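Visitor: Below you will find the structure I want to go over with you.
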Amino acid sequence: CLKGTRVQLLEDLHNNALGSFDPKKQIIWVHGAPGCGKSTIAKSLAERLHKENVLAASFFFSRSHESRSNSNNVFRTIAHQIAMFNLQFCNILVDVLEKDDQLGHATPGIQLKRLIIEPLSKLPKIQDPWVLVFDALDECAESTALLELLCEQIGKLPINLHIIFTSCPEHPIHMWFHNDPLKSSTHIVILDDSNGTRNGTILNFVNAPRSKSYARYGVARQACWITRIITSLPLARKNIEILPRAVLLKELASLVKRQMTRILPLARSSLSVLKNAYSSDLRGSRISLLGNSQDSLRVGVSLRGNIKAPEICKLLGYGNDDVEAMLQLMSAVLVMPGKKDDVVRIAHLSFREYATLKRTRKIANSRFKYRPELDLDASKHHECILHATFSVMKAELKFNICHLESSFLPNDQMEIFPDRIYRYIGWHLSYSCRFWSAHLNELKYVLSLSLQQCFKDFLEKRFLWWLEVISLLKQVDTAASAILSIADWSKGKNDELASTALDAVSFIRAFSSSISHSTPHIYISALSFSPLHSRIWKNFASSYPNRLSLDLGQQTSWPVIQQVLAGHTRKVLSVAISQDGKRVVSGSEDKTVRIWSAETGEEVVEPMLGHKNWVSAVAFSSDGKQVVSGSLDMTVRIWNAETGKQAVEPILGHTAKVRSVGFSSNGNRVVSGSDDDTVRIWNAETGEQVGEPMLGHTGSVTSVIFSTDGKKLVSGSWDKTIQIWNAETGEQVLGPMLGHTDSVISVGMSSDGKQVVSGSQDKTIRIWNAETGEQVGEPMLGHKYLVTSVGFSSDGKRVISGSWDKTVRIWNVETGEQGVEPILGHTDLVTSVGFSSDGKRAVSGSWDNTVRIWNAETGEKTVEQKSGYTSSVTSVGFSSDGKRVVSGSHDNAIQIWNAETGEQVLEPILGHTDSVRSVGFSSDGKSVVSGSWDNTIRIWSAETGEQVVKPMLGHKYLVASVRFSSDGKRIVSGSHDNTIRIWNAETGEQVVKPILGHGEYNVTCVGFSPDGKRVVSGSEDTTIRVWNAETGEQVMKPIMGHTSWVTSVGFSSNGRKLVSGSWDKTVRIWNAETGESVVEPILGHTDLVTSVGFSPNGKRVVSGSKDKTVRIWNAHTGEQLAKPMLGHTDSVTSVQFSSDGRRIASGSLDKTIRIWNIGQPDPFATTNGWVHGKNSELLFWVPPQCCVALWRPNNTLVIGENPTKLNFNKFVFGRNWQACYSPDTLAA
């Protein structure tokens, strides 16, 4: 405060702070209207207390500084200052931090307790007063949370510790100070102007000595100078109310006239300062400049973040001199830049509140020749800036704005990348690209045809260029929400514009991972895969002709899949999406918790390490600041979602594996369910258990969730029941709900608390009335295996489910029917699912180690349907002439394909009632044999698809393997009934008695020798055995060497060798006469080997594996002959050479069949959709839905649901990538 002002007030506050009036009043709350001088008082008081050595610490909150606008830094800052203030406290604090150096990252509650309260309690009794000062509490985003913490700890404060708060009298803060326990401990001081404080302050300022420079100015300049200083004073120093300039000058003139006639000439000059500024200093531009000044003032009031003065020029399109003059005119409300590159900002946030009041102010001064209006209506602020941002983008956005030389590198590997951005993307363009949507969001109810035209022009001509800047600025995670603001604004105003915006959002979400990784691939990769019917394709494809093109697989509409998040090294067991939809958390068998950007798919923090066993459950707090995880290590852990650090010590208490966790909506409590059959609630701040364990379930508690109001809990259990509990008392309020016929795996509750959903091992989903416990409607049927996860959409109208059948499904709650097609994409069991809060997206986790994000509003087919598999391929085989391929699959069908074109030769051959496990052609190509999980073997005409003999019955369990003899007269089969059987192919009768020998172990694979005299078999007993095909007798001792199940066996064409593959990941070659190993075990596969076979000349061996690769080996040396054949995205189940030895057919659980050209190399490596060259350079990116059936360079055919074949004829990349653009085709 200025000398001589607020003397009595400061003296009273000082005495109260020292406890002179009432020692029991440890808290002083100073409150008043914005701009009344609270911060100035706090600063003056703090300075005096510091000089008297009683100020222990202070913290000045500020909305405009991120580090001072929230509670994260408060208590660690206060603790540090107290440590600097008192040596004994410092020593205690050092000891605390040496034991736990992560306390600085803990929650505010834990920081207050561990860093301040507990160390203070260990000090000797404080004799002298200590004072803490907290200014502008209302500018802290978590002010009420801090006051709640203070209430919890106030009884533990030393009696001589006093705390001063200043704030506006906002309702939540007012409520806390006017209720106990704070009320009885607080002295309240209200600031107002009843005693003429404001006038006194102005008077004292006017009487204050002037700087030396003052005397050197002429009278007019002196008047201008003093007016600017005086009108800046209320804001810069926050010690009088905010007033319109003219009102303040009028008050000043009146004051001066009454009390200071000696400076009346100056005051009169002050009254006309605006007129002089426009008429004298800025001749001839009075009216236009005043209007422009208001534009500048709107910028100052409404800007997101700070901006430099030169950038205001560029943003508004004015000259530097004009803007400098405008800013000087507004020095009363803006902090002026001292240097050219300094930022311009509002001097006091209360001016924003004043300026955005919905009324028009007039500068009332009769001496003006015109009466301009100071019109600062909020919507006009934002509309002004919005138009400016779009004008900037229209003028400056362009293709390859930063002159990137190559498409080979990711953004973060570009040389001098920050310098390049600084050079080519000015702050004004950066601001325009990043913040235009923030201003649009303030205009939801403003109808403007000019804005509609701006948006249309932007989306149809400059959208990709804008994305380019967003990518370079690392802001891709904000892109979709920005464009959504156009869609939201346009609804009901211009539906065509809204549709165009939504199409752009689909482009962003489909390709954001590639866009954020490498900017050039917006054009040369992402655009190439845009659907033919999309507006993006129609608006931009012709302008970028020299990019990848697709011969096969071009989509017609946007895919359901939006992101594949890859990073976990083992199965993903649990996922959740944050309330704002921006992040996804996942827990895995790899013992980590990971947080991902839901927009770009990137990990936003390092993997969270700490659990000693699988992470079985994860959840976000409602504010997204914390994550809770549960593990098979029997612990619950709470993490800071921003830093990845543990917020509290591991929570111990469960005596068995933790299966489920969740936060209460206010984030204060955590619930967990466990294999110890209990439900427990924990304090999220301290980790302490709240109440007793909830007992009632008689089996593992698999799923728990709080109701939205936090008053109830729902739990599901292996005991087949659902129960509802009182979350305050732990008492059971409803249940058990009975109906499921097997374990309940997952439960959820609607946001209104009226319904419960459950998913079960009985393959059903059920809805229950949460008040009565009765089942609502019929069970939802559709999943083929157990349901692992369920949840409601926020509006309660839909339910999402995941299952071991690898699908995600969305159901209509009212009808119980599926709302969209089953969502396919995961290649293994789906373990966890959830909706985003807006219901537009879904997240899922799977045993395939991935997390996936889906469009939850559509599940229809997204490409023109071509013939192909919709189910996993279990077995493949060439016809002897190599012109056809036969396949069997989990959909119970056999199909025959043209091996050149991929067309179906026949309609699917149906007859089996369960999965077809093994198929093969007869040597003449006229017949096909099949074995199935339905325990039967069947023979079909390869010409008509008709069954030629009745089903061969005899096996008591599934048939795993079948083969024709070379003459086509006999069939051998192996089964999980532990037998081998030989059949007459013409009659279907058994030729010999069932062959036993593998004991109680399943027979997994069989084959004939070329001469048909012998049969070979492999088994789960790890042995290979050879039998006489006529008698069924074993002709040699078991061949031993594999250390796990034998999955595949076969003879060489001359019958002298045997090849085998095993779950032990090896391929082995044996002497078929002696059973001895011919070469060392062949190593290379990284997972179990599923299928093996010799080439026709016996010189090579092919193998397929669960590691998704096909490999070729030298049959004499065991050496790998070429790089692994990459392309399958799931386990390879079956491989076979063509009769000429030039091609290999492979089938996979990824639902594709691939034909490989052995002589064609494949130089590409693929990682997360990125195709790399030999030096790991980025060549192009392929979206996940196209990767499954993507033709590789060494494929002659890919048969699948939607094969994708790329055309490189016009593709430019690397240092030529800029040639993809043809500007002549883009309309000006």
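Residue numbers (the UniProt record's numbering): 1 to 1228.
From the three backbone atoms N, C-alpha and C, an ideal C-beta is built for every residue, glycine too.
Computed from a predicted model, the values in this text were never measured in an experiment.
Sorted by chain position, which residues of the same chain lie with C-beta nearer than 8 Å to serine 69's C-beta, five sequence neighbours on each side aside?
Guide: So the list reads Phe61, Ser62, Arg63, Glu139, Cys140, Ala141, once near-sequence residues are dropped.
Visitor: Please classify tryptophan 596: does DSSP put it in a helix, a strand, or coil?
Guide: Here tryptophan 596 sits in strand by DSSP.
Visitor: My output table needs one value for threonine 944: the three-state DSSP class, helix, strand or coil.
Guide: Residue state, collapsed to three classes: coil.
Visitor: Expressed to the nearest angstrom, what Euclidean distance is found between the alpha-carbon atoms of isoleucine 823 and tryptophan 847?
Guide: Isoleucine 823 and tryptophan 847: Cα-Cα distance of roughly 16 Å.
Visitor: Could you say if the segment 1168–1186 and the segment 523–539 meet the contact criterion of at least three C-beta pairs nearer than 8 Å?
Guide: As far as the Cβ criterion goes, the segment 1168–1186 touches the segment 523–539, which means the pair count is three or higher.
Visitor: Beta carbon of aspartate 1150, beta carbon of threonine 1129: below 8 Å?
Guide: Contact flag set, yes.
Visitor: Do lysine 1205 and leucine 550 have their CB atoms nearer than 8 Å?
Guide: Result yes, Cβ atoms of lysine 1205 and leucine 550 sit closer than 8 Å.
Visitor: Return the residue from the list Gln1160, Gln1120, His1085, Ser871 that minimises the CA-CA distance to aspartate 828.
Guide: Per the Cα distances, Ser871.
Visitor: Taking the continuous alpha helix (DSSP H) assigned at cysteine 1186, which residues delimit it?
Guide: Segment 1184–1187, the alpha helix (DSSP H) holding cysteine 1186.
Visitor: What whole-angstrom Cβ distance do glycine 601 and serine 518 have, given they're in contact under 8 Å?
Guide: Between serine 518 and glycine 601 the Cβ distance is about 14 Å, and since that is not below 8 Å, they are no contact.
Visitor: Please classify glutamine 102: does DSSP put it in a helix, a strand, or coil?
Guide: Of the three classes helix, strand and coil, the one that applies to glutamine 102 here is coil, per DSSP.
Visitor: Quick one: is proline 1163 buried, meaning 16 or more other Cβ sit within 10 Å of its Cβ, or exposed?
Guide: The residue is exposed, with fewer than 16 neighbouring Cβ atoms inside 10 Å.
Visitor: Report the three-state DSSP secondary structure of glutamine 452 (helix, strand or coil).
Guide: Glutamine 452 falls in the helix class under three-state DSSP.
Visitor: By DSSP, does aspartate 934 sit in helix, in strand, or in coil?
Guide: Coil, per DSSP.
Visitor: Closest to aspartate 135 by C-alpha separation, out of Ser39, Asn1002, Glu66, Leu161, would be which residue?
Guide: Per the Cα distances, Ser39.
Visitor: Roughly how many angstroms lie between the CA atoms of glycine 773 and lysine 571, to the nearest whole one?
Guide: Rounded to whole angstroms, glycine 773 to lysine 571 spans 35 Å at the Cα level.
Visitor: On the CB-based measure, 16 or more other CB atoms within 10 Å of its CB, does glutamate 415 come out buried or exposed?
Guide: By the neighbour-count rule (16 or more Cβ atoms within 10 Å), glutamate 415 is not buried but exposed.
Visitor: Below 8 Å between beta carbons: does that hold for proline 119 and serine 71?
Guide: Cβ atoms of proline 119 and serine 71: not closer than 8 Å.
Visitor: May I have the straight-line CA-CA distance separating aspartate 22 from isoleucine 28, to the nearest angstrom?
Guide: Each residue's Cα considered, the two are about 11 Å apart.
Visitor: Using only the alpha-carbon positions, how far apart do threonine 815 and glutamine 755 sit?
Guide: One C-alpha to the other measures close to 15 Å.
Visitor: Taking contact to mean at least 3 C-beta pairs separated by less than 8 Å, is the segment 945–964 in contact with the segment 923–937?
Guide: Touching, yes, given that three or more Cβ pairs across the two stretches are closer than 8 Å.
Visitor: How is methionine 952 classed by DSSP in three states: helix, strand or coil?
Guide: Strand at methionine 952.
Visitor: Taking the alpha-carbon positions, what's the glutamine 761 to isoleucine 745 distance?
Guide: Approximately 7 Å between the Cα atoms of the pair.
Visitor: What residues are listed by DSSP as bridge partners for histidine 31?
Guide: Paired residue(s): Ser167, Ile190.
Visitor: Do leucine 103 and leucine 115 have their CB atoms nearer than 8 Å?
Guide: Closer than 8 Å, so yes.
Visitor: Using 8 Å as the threshold, is the segment 1086–1106 in touch with the segment 1032–1052, meaning 3 or more CB pairs across them?
Guide: Touching, yes.
Visitor: Rounding to the nearest angstrom, what Cα-Cα distance links isoleucine 159 and glutamate 98 in this structure?
Guide: Cα to Cα, isoleucine 159 sits roughly 28 Å from glutamate 98.
Visitor: Which partner residues does residue 1291 have in the DSSP bridge list?
Guide: Shown here, the chain extends from 1 to 1228; a query on residue 1291 therefore has no answer.
Visitor: Among the residues of its own chain, which have a CB less than 8 Å from the CB of serine 751, if the five just before and after it don't count?
Guide: Around serine 751: Thr708, Phe792, Ser794, Asp795, Gly796.
Visitor: In terms of residue numbering, what span does the alpha helix (DSSP H) encompassing aspartate 419 cover?
Guide: Counting along the chain, the alpha helix (DSSP H) containing aspartate 419 begins and ends at 417–424.
Visitor: So isoleucine 561 packs on glutamine 1185, CB below 8 Å; how close in whole Å?
Guide: Yes, they are in contact, since the Cβ atoms of isoleucine 561 and glutamine 1185 sit about 5 Å apart, within 8 Å.
Visitor: Grouping DSSP H, G and I as helix and E and B as strand, with all else coil, what is glutamate 139?
Guide: Glutamate 139: helix per DSSP, three-state reduction.
Visitor: Give the C-beta separation of asparagine 16 and histidine 178 to the nearest angstrom, bearing in mind that I take them to be a contact with Cβ-Cβ under 8 Å.
Guide: About 18 Å separates the two Cβ atoms, so there is no contact after all.
Visitor: Using a Cβ distance threshold of 8 Å, determine whether the segment 884–898 contacts the segment 625–643, with at least three qualifying pairs required.
Guide: The segment 884–898 is not in contact with the segment 625–643.
Visitor: Tell me histidine 162's beta-bridge partners as DSSP assigns them.
Guide: For histidine 162, which the question treats as bridged, DSSP gives the partners Val131.
Visitor: For leucine 315, verify whether its CB is less than 7 Å away from any heavy atom of the ligand FAD.
Guide: The ligand FAD is absent from the structure shown, which contains no ligands of any kind.
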